[in-house]
Amino acid sequence: VAGTGSTSAQGGDSGSTPAAPPDPDPADGRAEDDGSAREPGAPLPLVVEAVDGAPRPVLKLRGDLDQTGAPVLTRAVDALPSLSDGLALDFDQVPFVDSSGLSALIHVIRRAAADGAVLTIQRPNPLLVRLLETTGVDVHLVIEPAPRGDGA
Amino acid sequence: VTPSAGRAASGGSGVPPFDRSVTATAKVLPEIRQSVAHWVEPLELDEDDLGAVQVVVSELVANAVEASVDGEKVSVRLTAAPDAVSVEVANRSGRTRPVPIPPMAEPLAPRGRGLAIVRSLSHDLALVEVNGHTVASCRVPIQP
Chain A
121 VAGTGSTSAQ
131 GGDSGSTPAA
141 PPDPDPADGR
151 AEDDGSAREP
161 GAPLPLVVEA
171 VDGAPRPVLK
181 LRGDLDQTGA
191 PVLTRAVDAL
201 PSLSDGLALD
211 FDQVPFVDSS
221 GLSALIHVIR
231 RAAADGAVLT
241 IQRPNPLLVR
251 LLETTGVDVH
261 LVIEPAPRGD
271 GA
Chain B
7 VTPSAGRAAS
17 GGSGVPPFDR
27 SVTATAKVLP
37 EIRQSVAHWV
47 EPLELDEDDL
57 GAVQVVVSEL
67 VANAVEASVD
77 GEKVSVRLTA
87 APDAVSVEVA
97 NRSGRTRPVP
107 IPPMAEPLAP
117 RGRGLAIVRS
127 LSHDLALVEV
137 NGHTVASCRV
147 PIQP
């Protein structure tokens, strides 16, 4: 599913346009899709999109990083030819992560380390930070808590 | 159920217990998560507590599904008290003795951290055998 250029992958089977470049403003025109409009706790299949114009490779995640989402993330990362410039994963729109999701993150950490890079996790929610700390995974990556309310 | 019986069964929270029996497949995990989110709504949990309850239930159900043969049932029971949500997940088991709780996996081990996560988010985690069923139970603390 994921291409090597503009990486895009998702767990569901409808509603995405993998070949299209990422929307520069993900909130624009996707009000029904941004997580805030959905029912609390409703499952949200993971979508992974490359962010253009960032100083380093950034993948924006939207949805649950669970048993279904984990292979979506690993496929998207494995489709990147190299992580030697580093890699950031934006978790702002990820409401749920479980141990399968952590296993996927560990896959990414190992992949980055093999290329001499360190994974950065951007805007994780407090639960993900807690899970990373509890499991000791936090020392193997960089967490960047960016300010909330930036319009994304 | 009379109102007073309802209160007695609710653990003092006013919320009746959550009782579900599901077929053991990985596909039930998102559905259980959503059902749990619905059930806890009256408790008005903050995002952190809701996430903890969902992760704990999800991990225990995932373990129970993994330990089950296809088509077997996994049962989930939650009860709410003012300061905690009690979780019980049961699956049929051929074991006849207490189940050891595995130690935390190495940080970068590919898997094996589900129960350790549950233990870190909850109190009184226990795995016991009752009448041919493995029952995992714990209490997830919540902000009163």
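Residue numbers (my numbering), protein chains in the order written: chain A, 121 to 272; chain B, 7 to 150. Heads up, the beta-carbon is just placed ideally off N, CA and C, and yes, glycines get one too.
In whole angstroms, give me the CA-to-CA distance for residue 249 (chain A) and residue 53 (chain B). Whole-angstrom Cα-Cα distance: 13 Å.
With H, G and I counted as helix, E and B as strand and the rest as coil, what does DSSP make of residue 124 (chain B)? Here residue 124 (chain B) carries a helix assignment [DSSP, helix/strand/coil].
If you follow the alpha helix (DSSP H) that residue 227 (chain A) is in, where does it begin and where does it stop? Secondary structure note for residue 227 (chain A): its alpha helix (DSSP H) is the uninterrupted segment 219-234.
Is it buried or exposed, residue 117 (chain B), if we count other Cβ atoms within 10 angstroms and call 16 or more buried? Residue burial annotation: residue 117 (chain B) is exposed, with fewer than 16 other C-beta atoms found within 10 angstroms of its C-beta.
Between residue 95 (chain B) and residue 49 (chain B), is the Cβ-Cβ spacing less than 9 Å? Not closer than 9 Å, so no.
From the DSSP output, in three-state form, read off residue 198 (chain A) for me. In this structure, residue 198 (chain A) counts as helix in the three-state DSSP scheme.
Could you say which of A:196, A:246, A:183, A:235 lies nearest to residue 202 (chain A) if we only look at CA atoms? The shortest Cα separation from residue 202 (chain A) among A:196, A:246, A:183, A:235 belongs to A:235.
Hey, out of B:41, B:51, B:92, B:75, whose CA is closest to residue 128 (chain B)'s CA? Restricting attention to B:41, B:51, B:92, B:75, the CA atom closest to the CA of residue 128 (chain B) is found in B:92.
Return the chain-ordered list of same chain residues with a C-beta closer than 7 Å to the C-beta of residue 124 (chain B), the five sequence neighbours on each side being excluded. Excluding positions up to five away in sequence, the list reads 62, 65, 66, 131, 144.
Specify, as a first and last residue, the run of the beta strand (DSSP E) that residue 98 (chain B) falls within. Here the beta strand (DSSP E) through residue 98 (chain B) covers 90-98.
Going along chain A, which residues have a C-beta under 9 Å from residue 128 (chain B)? Listed by position along chain A, the residues whose Cβ is nearer than 9 Å to that of residue 128 (chain B) form an empty set, because the closest Cβ is around 11 Å away.
Spell out whether any CB of chain B is found under 9 Å from the CB atom of residue 216 (chain A). Taking Cβ atoms only, chain B reaches closer than 9 Å to residue 216 (chain A), which makes this a yes.
Could one say the Cβ of residue 205 (chain A) lies closer than 9 Å to chain B's Cβ atoms, at least one of them? Not closer than 9 Å to any Cβ of chain B, the Cβ of residue 205 (chain A) fails to qualify, so no.
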